[in-house]
Amino acid sequence: MKGGGLLILAVVALIGGAVSVVFLSKAKTQVKEHEATIESQKGKIDTLTQKNTTLTQEKADLTTNLTLARDTITQTENRLLKLKDDFDVQKAEHDAFLEKTAEELAAKDETIKTLNDDLAAAKNKHRDYDTQISDLNTQIVTKDQEIDAIQRRLEA
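Quick note, the numbering used here runs 2 ahead of the 1-based positions in the sequence shown.
Here it is in structure tokens:
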């Protein structure tokens, strides 16, 4: 049985070797597949790393642009606030000027009304004087005619 045990051992070893070869072959195939997968993934990793670098740079650029935009907005806001304050001051000055001018114009309008009333009264007096002068001229002409008539009678 010693020889039979060796034979069984040899058959078991042979079957074990064949199974090992099959498993090793499958393992080698899987290793090659995994190596191919690793190589393809390395390319993807390199691409993603480049994209990550690009996106990081773009993020930094956008952050810089955002900071500049915020600074510009802050400066513009400050300028607008200053302009609003200046506008409010000038509007107040303008309103005060308009009020003062309105008061002065009202006083001048009153003066003009008084002067127009005086002018109308003076024109009425002037018309009265013109009428009186016209009447006096008519009386002078009448008296001159009477004097001429008297002189003619005296001469006759």
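Backbone N, C-alpha and C define an ideal beta-carbon position, used for all residues, glycine too.
Quiz item: Mapping DSSP to helix, strand and coil, what is ALA158?
Solution: coil
Quiz item: Which residue spans inside the stretch 4-67 form an unbroken beta strand (DSSP E) run of at least 3?
Solution: none
Quiz item: What's the C-alpha gap between VAL33 and ALA15?
Solution: 25 Å
Self-check item: Rounded straight-line distance, which links the Cα of GLU105 to that of LYS115
Solution: 15 Å
Practice problem: Using the Cα positions of HIS96 and THR76, report the straight-line distance between them to the nearest angstrom. | Solution: 30 Å
Quiz item: Given THR58, which residues of its chain have a CB within under 6 Å of its CB, disregarding the five upstream and five downstream residues?
Solution: none
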